[in-house]
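A short worksheet on the structure shown next.
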Amino acid sequence: MSSSSASITFNDTVRALQWSERGLRLLDQRKLPSVVEYETFDNAKGVAEAISSMRVRGAPAIGIAAAYGAVLAARQRYRENPDTWKEAIEADLAKLASSRPTAVNLFWALDRMRSEIEKVNGDPEPHLLKAAFSIHDEDIAANRVMGDLGASLLVGASGVLTHCNTGSLATGGYGTALGVVRSAYRQGVVKIFATETRPWLQGARLTVWELAQDGIPATLIADSAAAYLMKTGAVQWIAVGADRIAANGDTANKIGTYALAVAARHHGVKFMVVAPTSTIDWRTETGEDIKVEERDQNELLNEYFARSGSVITAWNPVFDVTPAALIDCIVTERGIVRNPDRHAMKVLADAR
Ligand code: MRU
82 MSSSSASITF NDTVRALQWS ERGLRLLDQR KLPSVVEYET FDNAKGVAEA
132 ISSMRVRGAP AIGIAAAYGA VLAARQRYRE NPDTWKEAIE ADLAKLASSR
182 PTAVNLFWAL DRMRSEIEKV NGDPEPHLLK AAFSIHDEDI AANRVMGDLG
232 ASLLVGASGV LTHCNTGSLA TGGYGTALGV VRSAYRQGVV KIFATETRPW
282 LQGARLTVWE LAQDGIPATL IADSAAAYLM KTGAVQWIAV GADRIAANGD
332 TANKIGTYAL AVAARHHGVK FMVVAPTSTI DWRTETGEDI KVEERDQNEL
382 LNEYFARSGS VITAWNPVFD VTPAALIDCI VTERGIVRNP DRHAMKVLAD
432 AR
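Quick note on numbering: the sequence shown equals residues 82 to 433 in the working numbering.
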């Protein structure tokens with residue numbers, strides 16, 4: 082049995098999730114960068130709450146957290162009644178599945194754990210923990226492959242812009258789009274720019290913190306400075322992650338991704354989506370069918386207006402959908418899909 086926390090390498094030292102005998106240790110991402118604090122969760126309800134409150138966030142990371150949540154649920158339900166635990170655990174899996182709606186990795190990981198649950202005889206923990214470790218380790222391995230593939234596209238570029246946080250904090254480790262940035266940095270290339278990513282500030286609080294931990298220099302910009310940055314010619318590529326990719330290549334990612342893709346096309350800047358195949362939802366035909374999460378308006382409203390009685394409200398969709406036609410390539414661990422559309426995506430699907 083392997084444990085992912087062992088696979089820390091140079092320029093990749095942060096881990097958002099760690100398994101311990103007591104349960105799942107999560108780095109509380111709401112408190113970064115000023116407070117670095119891990120909390121251990123010993124039951125599935127706590128893990129579901131940690132996902133919905135965004136202690137842990139990022140599509141692959143919430144899938145991995147849910148897999149460990151299923152292990153904790155099995156431990157508890159088997160102790161309660163070894164004869165009925167497989168029925169009882171369904172409520173826990175449903176709770177984990179309802180924690181956030183957009184990132185398909187959550188549902189993918191839970192489906193995978195459910196199929197392992199069906200195979201178990203006797204104490205489920207050793208078998209399910211092995212499955213959760215596999216999900217975790219495969220994610221890191223996929224990220225390293227994608228990092229090098231994506232970085233090969235950046236050869237000759239002088240600058241790259243990334244959005245949100247797609248690094249070790251958002252995955253099992255290394256990161257998707259930020260993995261490409263890490264690999265590109267190792268190649269000795271490119272100036273790295275990161276957006277603030279309002280309103281939750283994944284860029285300003287998480288991405289630049291994570292890069293600083295690993296000694297990778299980066300320049301933070303306000304979201305609203307992105308088009309102007311492109312106009313200056315400082316970046317030739319934008320690299321983003323994904324929360325769900327539809328079967329035609331339409332991609333849901335952090336709010337603001339669509340605006341970046343529109344501006345990139347206008348300025349002749351190339352646009353790269355980096356995501357493991359666990360982020361592709363083959364059952365979702367187009368981006369129109371992707372449920373976009375809307376979070377509490379108070380994440381956005383100035384506290385002055387958040388007071389009750391104010392006539393001011395806020396609309397807070399936290400993802401948007403970028404049409405495949407605006408994406409130059411989707412980098413996966415199985416290869417690069419150039420000019421993604423239904424046909425190009427099907428070639429990737431058939432290579433499974
Ligand atoms: O709301 P978040 O912080 O969970 O959103 C995260 C993103 O949108 C990331 O870009 C995406 O999950 C890819 S992370 C490798």
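C-beta atoms are modelled at their ideal positions from N, C-alpha and C, and glycine is treated no differently.
Remember, it's a predicted structure, so these values are computed and weren't measured experimentally.
Residue i Cβ short of 7 Å to the ligand MRU heavy atom set
| i | result |
| --- | --- |
| Phe352 | no |
| Arg111 | no |
| Asn334 | yes |
| Gly139 | yes |
| Ala251 | yes |
| Asp324 | yes |
| Gly256 | yes |
| Val373 | no |
| Cys410 | no |
| Phe400 | yes |
| Ala184 | yes |
| Val289 | no |
| Val321 | yes |
| Thr403 | no |
| Thr247 | yes |
Exposed unless 16 or more other CB atoms sit within 10 angstroms - verdict on residue i
| i | result |
| --- | --- |
| His217 | buried |
| Ser83 | Any reading at Ser83 must be qualified, since the residue scores a pLDDT of 49, below 50, and its modelled position is unreliable; the value itself is stated next. Answer is exposed; the Cβ neighbour count stays below 16. |
| Ala184 | buried |
| Lys335 | buried |
| Ala87 | The predicted model places Ala87 with a pLDDT of 44, which falls under 50 and marks its position as unreliable, so this point remains unresolved. |
| Ala430 | exposed |
| Ala299 | buried |
| Thr360 | buried |
| Tyr30 | Since the displayed the chain opens at 82 and closes at 433, residue 30 lies outside it and no answer follows. |
| Leu341 | buried |
| Asn202 | exposed |
| His424 | exposed |
| Ser85 | Annotation note: pLDDT 49 at Ser85 (below 50); position unreliable, no value reported. |
| Asp362 | buried |
| Trp100 | buried |
| Gly337 | buried |
8 Å Cβ cutoff met for residue i and residue j
| i | j | result |
| --- | --- | --- |
| Ala142 | Leu113 | no |
| Ala155 | Ile170 | yes |
| Gly248 | Ala320 | no |
| Leu242 | Leu292 | no |
| Gly237 | Asn186 | no |
| Ala395 | Gln378 | yes |
| Met426 | Ala333 | no |
| Gly368 | Val316 | no |
| Asp435 | Asp93 | Examination of residue 435 is not possible in this model, given that the chain is present from 82 through 433 alone. |
| Glu380 | Pro280 | yes |
| Val418 | Cys410 | yes |
| Ile302 | Ile273 | no |
| Val289 | Ala275 | yes |
| Leu107 | Val137 | yes |
| Gly330 | Pro421 | yes |
| Lys372 | His348 | no |
| Trp318 | Leu235 | yes |
| Ala258 | Ala308 | no |
According to DSSP, residues forming a beta bridge with residue i
| i | result |
| --- | --- |
| Leu107 | Leu98 and Glu120 |
| Glu375 | Pro398 |
| Arg419 | Cys410 |
| Met353 | Ala320 and Cys410 |
| Asp93 | Thr90 |
| Asp431 | None, per the DSSP bridge assignment. |
| Lys335 | Phe400 |
| Leu174 | None, per the DSSP bridge assignment. |
| Leu301 | Ala275 |
Contact test: residue i Cβ vs the ligand NAD heavy atom, cutoff 7 Å
| i | result |
| --- | --- |
| Gln283 | This structure does not include the ligand NAD; its bound ligands are the ligand MRU. |
**OP:** Check whether the segment 389 to 399 touches the segment 244 to 256, taking contact to mean three or more Cβ pairs, one atom from each stretch, closer than 8 Å.
**Re:** Output reads no: the segment 244 to 256 does not touch the segment 389 to 399.
Subject >> Contact between the segment 179 to 195 and the segment 147 to 155 (3+ Cβ pairs under 8 Å) >> reply: These segments touch.
Original post:
If you pair each beta-carbon of the segment 219 to 232 with each one of the segment 403 to 422, do three or more pairs fall below 8 Å?
Top reply: Because the criterion of three Cβ pairs below 8 Å is met, the segment 219 to 232 and the segment 403 to 422 touch.
Subject >> the segment 350 to 359 contacting the segment 312 to 326, beta-carbon criterion three pairs below 8 Å >> reply: As far as the Cβ criterion goes, the segment 350 to 359 touches the segment 312 to 326, which means the pair count is three or higher.
Original post:
For the 8 Å Cβ check, are there 3 or more pairs between the segment 204 to 212 and the segment 280 to 300?
Top reply: They do not touch, by the three-pair rule.
Original post:
Is there contact between the segment 260 to 275 and the segment 116 to 131, where contact requires at least three CB pairs shorter than 8 Å?
Top reply: Contact between the segment 260 to 275 and the segment 116 to 131 is absent, because fewer than three Cβ pairs lie under 8 Å.
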